[in-house]
Structures are given as structure tokens and as C-alpha cells.
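> The following block contains the structure, expressed as C-alpha cells.
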Amino acid sequence: MLEVKNAVKIAFELFKELYDTKKFEDILLEEIALSENKTTWLITLGFYRRAPSVNIMESIGSKKYIRMYKTLQIDANTGEMISMKNWSWETDKSLRDVLK
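With the working numbering, letter number 23 in the sequence shown gets 1137, and the count goes up by one each step, no holes.
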């Protein structure tokens, strides 16, 4: 079985491969969970992304960032990514169902 440190390392590497992380700030590990049957790691990464500007005046002079989260589901045996989802209160329940 994949150790937790290796699962986190894989999650960060996959995230960086899939996204231009120069657009993000403060990419951090937020949560880790192992399914009850020990087959899946759920690893949530958080980061700041520049918020879209509504109008020109709003975009002048200040950088507004919003905190976003991605949960990567990693196979605990192979280290392969099963899925990557936006984390939100709406998706949290479905992710908890994976842990059952």
C-alpha cells in the first residue's frame, strides 16, 4: 500500500502536471483521508486563484484572489489518479460516500 507521504507527493505532482500553477498562489495540502477498505486516498489541495474581474474599475489597483480546492482520488495500491474534483460543500457529501 502507498504510504501517505507518497500519496501526497503524487497528488502535488499530478496537480502541477495538469495546471499552469504560475496562476495560483499558496498551493497547500488541506485534507487527507484513506477509505475504510484502504484502497483509495482522498487528498485535497487548496490554492488561491485570481478572481475574474467584473469590470475594469474593479480590476485596477487590487488583486483579488479566491480560495479554491481540488480533491484528488488516488489508488492506494498503484498510485494512479482515479479522479480529480472541485471541492465544495456540495461535493463533500459525495466524496465522503467514497470512504464508506
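Every residue, glycine too, gets a C-beta built ideally from N, C-alpha and C.
On the CB-based measure, 16 or more other CB atoms within 10 Å of its CB, does M1184 come out buried or exposed?
Translated into the one-based positions of the sequence shown, residue 1184 becomes position 70. Here residue 1184 is Lys; the residue named in the question, Met, does not match the sequence. Buried.
> Under the rule that 16 or more other beta-carbon atoms within 10 Å means buried, what is A1165, buried or exposed?
Here the question's residue 1165 lines up with position 51 in the sequence shown. It is exposed - the Cβ of A1165 has fewer than 16 other Cβ atoms within 10 Å.
> Would you say G1160 faces chain D, with C-beta separation under 7 Å as the test?
You won't find chain D in this structure, because it holds only one protein chain.
> In whole angstroms, what separates the C-alpha of Y1133 from that of N1151?
Taking the first residue of the sequence shown as position 1, residue 1133 is located at position 19. Taking the first residue of the sequence shown as position 1, residue 1151 is located at position 37. Distance between the alpha carbons of Y1133 and N1151 is about 31 Å.
> Cα-Cα, which of E1131, L1143 and L1128 is closest to R1181?
If you number the sequence shown from 1, residue 1181 lands on position 67. Considering only alpha carbons, the answer is L1143.
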